[in-house]
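Engineer: If you scroll down you'll find the structure; I have some questions about it.
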Amino acid sequence: MADDYLVRIGKLIRDARQHRGWTQSQLADALGTSQSAVNRIERGNQNISLEMIARIGEALDSEIVSLGYAGPMHLRVVGGRRLSGAIDVKTSKNACVALLCASLLNKGRTVLRRVARIEEVYRLLEVLNSIGVRTRWINDGVDLEIVPPARLDMDAMDADAARRTRSIIMFLGPLLHRMDRFRLPYAGGCDLGTRTIEPHMIALRRFGLDITATEGIYHAQVEAGVSPGRPIVLTERGDTVTENALLAAARHDGVTVIRNASSNYMVQDLCFFLEALGVQVEGIGTTTLTVHGVPNIDVDVDYSPSEDPVEAMSLLAAAVVTESELTIRRVPIEFMEIELAVLEEMGLDHDRSAEYSADNGRTRLVDLTVRPSKLEAPIDKIHPMPFPGLNIDNVPFFAAIAAVAQGQTLIHDWVYDNRAIYLTDLNRLGGRLQLLDPHRVLVEGPTRWRAAEMMCPPALRPAVVVLLAMMAAEGTSVLRNVYVINRGYEELAERLNSVGAQIEIFRDI
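Residues 51 to 559, numbered by this note's numbering, are exactly what the sequence shown covers, in order.
So, in structure tokens, the structure goes:
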């Protein structure tokens, strides 16, 4: 029994290491041990303590075992079922985390409506609570109230929670107005390759922020009185980069012009929220933003973030791969138009309702009904572009859609270093995906999906793509350790079950 236990643990460690893209030598270096010791552990030939398992899990950012609470969550999927009925799109995960960071600008009470109850939000709340911010769920747990302290206790920050979310990087913008020096742990999140903070710093240095990075910590120092003398030109049109620049400009005493700004959905939601705080923002929805800062913000604000276009795309892809008729309600159509145009060319049969306004009064929504369709591979490759192009986070869903279309589809995910590699996990479920290089995948369809048991990829969108393929595969599949899905989706399994899926949540004992 003990030997069998060691073999099972070894396989989990091996799978987690391979999903992270590490060699045994790289894991050995992270643990301060030898490659041969890692090899013995993975083969189940070495006794291993709970402390070592925890260290390995921390190094690989994978919940191999859990101590003192329930173990990692898995999904058991009975596939081959058709979906039907209607399902609502939840509020935007990326908007919600930006607004949580933006609440640090306000000395007053902030209420955010219908906040996504996901792991990424929970991690940020743990960080906010640890530095003195009071948060509580109100109105039967639907809305979130945030009240900041007079002074933040940065020394008490929950570093473990901070390291598990890349959103912590958006603390830089608001914090540079609150203190002369502070520290933040390195940003974490999905394993999507090397991503530096230099694009953030190109903007934030203009407000006097300087950062030194040592031993997993960003040491920040703010020089008082520094002001952007000319427009800030972002070197990448990134969402979080733009948001950080906006957060810094919001309390800057003056007018800040930000060029090459992202105009994506979460950036627009942040701009609408800043306006609710009394900050004037010109050019919302364009690549040039002009921010009229307010040095002191002390207001009680109530704001409703809009719906998530990436979740809408997830639900649309679920209908397509399971050959179902499904109505997806509250779709933010402005941020789905390119995707729908591509799908129409592929042969998607769908209807959309008249447009109506989201609760923020600004974002345009529709209800979208998708029907079973005979799809053909697109003539051109699928590749992301900054808004208003095809959304970067929607690209992985085209891998599953292309797999059920007739012909070959080239997917070029040029933004992230590792994500295209994770899409090839679909081959374990019967897909025919050929990795051409770390950024390009050739998908051959149509696919006869088959059930399988596998570890969840460590990147959010590819993980959901695997789940959707399991829903289409006849038989019973198991997707292990789905923490990464819970980072970005609220009760996804339960909600898919409400429209006809059969997904069981379970944990190891």
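Each residue gets a CB set at the ideal place from its N, CA and C atoms; glycine is no exception.
Determine the DSSP secondary structure at residue 466, reduced to helix, strand or coil.
Structural biologist: coil
Engineer: With respect to the beta strand (DSSP E) encompassing residue 160, which residues constitute its N-terminal and C-terminal limits?
Structural biologist: 160-162
Engineer: Figure out for me which residue from 307, 323 and 280 has the closest Cα to the Cα of residue 163.
Structural biologist: For residue 163, the nearest C-alpha among the options comes from 323.
Engineer: Decide if residue 359 is buried, meaning its Cβ has at least 16 other Cβ atoms within 10 Å, or exposed.
Structural biologist: buried
Engineer: Over what stretch of residues does the alpha helix (DSSP H) that includes residue 250 continue unbroken?
Structural biologist: 248-254
Engineer: Starting from residue 401, follow the beta strand (DSSP E) in both directions and report where the run begins and ends.
Structural biologist: For residue 401, the enclosing beta strand (DSSP E) has its first and last residue at 399-402.
Engineer: Less than 8 Å between the beta carbons of residue 293 and residue 320, yes or no?
Structural biologist: yes
Engineer: Only counting runs of 4 or more residues, tell me where the alpha helix (DSSP H) segments fall wholly within the stretch 253-288, in order along the chain.
Structural biologist: For the stretch 253-288, not a single whole alpha helix (DSSP H) run of length 4 or above is found.
Engineer: Identify every residue that forms a DSSP beta bridge with residue 361.
Structural biologist: Answer by DSSP bridge pairing: none, since residue 361 is not bridged.
Engineer: Pick helix, strand or coil for residue 539, following the three-state DSSP scheme.
Structural biologist: In the structure shown, the three-state DSSP call for residue 539 is coil.
Engineer: Measure the Cβ-Cβ separation of residue 427 and residue 452 and say whether it is below 8 Å.
Structural biologist: Less than 8 Å divides the Cβ of residue 427 from the Cβ of residue 452.
Engineer: Look at the Cβ atom of residue 220, then the Cβ atom of residue 166, and state whether they are nearer than 8 Å.
Structural biologist: no
Engineer: Cα-Cα, which of 110, 145, 556 and 520 is closest to residue 76?
Structural biologist: 110
Engineer: Cβ of residue 475 within 8 Å of Cβ of residue 508?
Structural biologist: no
Engineer: At 3 residues or longer, what runs of the beta strand (DSSP E) sit wholly inside the stretch 392-465?
Structural biologist: 399-402, 414-421 and 457-462
Engineer: As an exercise, report each continuous beta strand (DSSP E) stretch of at least 3 residues that is fully enclosed by the stretch 174-219, in chain order.
Structural biologist: Runs of the beta strand (DSSP E) inside the stretch 174-219: 184-188 and 193-197.
Engineer: Counting only beta-carbon separations shorter than 8 Å, does residue 194 have a partner in chain C?
Structural biologist: Of the chains in the structure shown, none is chain C; there is only one protein chain.
Engineer: Whole angstroms is fine: what's the gap from residue 639's alpha carbon to residue 479's?
Structural biologist: Beyond the ends of the chain as shown, which are 51 and 559, falls residue 639; an answer cannot be given.
Engineer: Using only CA atoms, which one of 86, 81 and 92 lies nearest to residue 54?
Structural biologist: 92
Engineer: From the DSSP output, which residues share a beta bridge with residue 353?
Structural biologist: 162
Engineer: Less than 6 Å between C-beta atoms, sequence neighbours within five positions excluded: which residues of the same chain meet that for residue 402?
Structural biologist: 416 and 418
Engineer: Indicate the three-state DSSP secondary structure (helix, strand or coil) for residue 532 in the structure shown.
Structural biologist: coil
Engineer: Specify, as a first and last residue, the run of the beta strand (DSSP E) that residue 498 falls within.
Structural biologist: According to the DSSP assignment, residue 498 belongs to no beta strand (DSSP E), since it is labelled neither H nor E.
Engineer: Starting from residue 484, follow its DSSP beta bridges and name the residues at the other end.
Structural biologist: 492
Engineer: Pull up the distance between the alpha-carbon of residue 138 and that of residue 545, whole angstroms please.
Structural biologist: 9 Å
Engineer: What do you get for residue 51, buried or exposed, if any count of 16 or more other CB atoms within 10 angstroms of its CB means buried?
Structural biologist: Its pLDDT being 41, under 50, residue 51 is placed unreliably by the model, and nothing is read from it.
Engineer: Using only the alpha-carbon positions, how far apart do residue 247 and residue 463 sit?
Structural biologist: 21 Å
Engineer: Just reading off the alpha helix (DSSP H) that residue 76 is part of, what are its end residues?
Structural biologist: 74-81
Engineer: In angstroms, rounded to a whole number, what distance separates the CA positions of residue 245 and residue 442?
Structural biologist: Residue placement at residue 245 is flagged as unreliable, the pLDDT there being 48, under the threshold of 50; a coordinate-derived value is accordingly withheld.
Engineer: Would you be able to state if there are at least three C-beta pairs under 8 Å between the stretch 378-395 and the stretch 348-362?
Structural biologist: yes
Engineer: The beta strand (DSSP E) spanning residue 380 covers which residue range?
Structural biologist: 376-382
Engineer: Quick check on the DSSP output: the alpha helix (DSSP H) that includes residue 554 runs from which residue to which?
Structural biologist: Note, residue 554: premise wrong, no alpha helix (DSSP H); beta strand (DSSP E) at 553-557.
Engineer: Alpha carbon to alpha carbon, how far is residue 539 from residue 383?
Structural biologist: 19 Å
Engineer: Could you tell me how far apart the beta carbons of residue 456 and residue 493 are, in whole angstroms, since I believe they sit closer than 8 Å?
Structural biologist: About 11 Å separates the two Cβ atoms, so there is no contact after all.
Engineer: Do residue 173 and residue 211 count as a contact pair if the criterion is CB distance below 8 Å?
Structural biologist: yes
Engineer: Does DSSP put residue 107 in a helix, a strand or coil?
Structural biologist: Shown here, residue 107 sits in a helix according to DSSP, grouped into three states.
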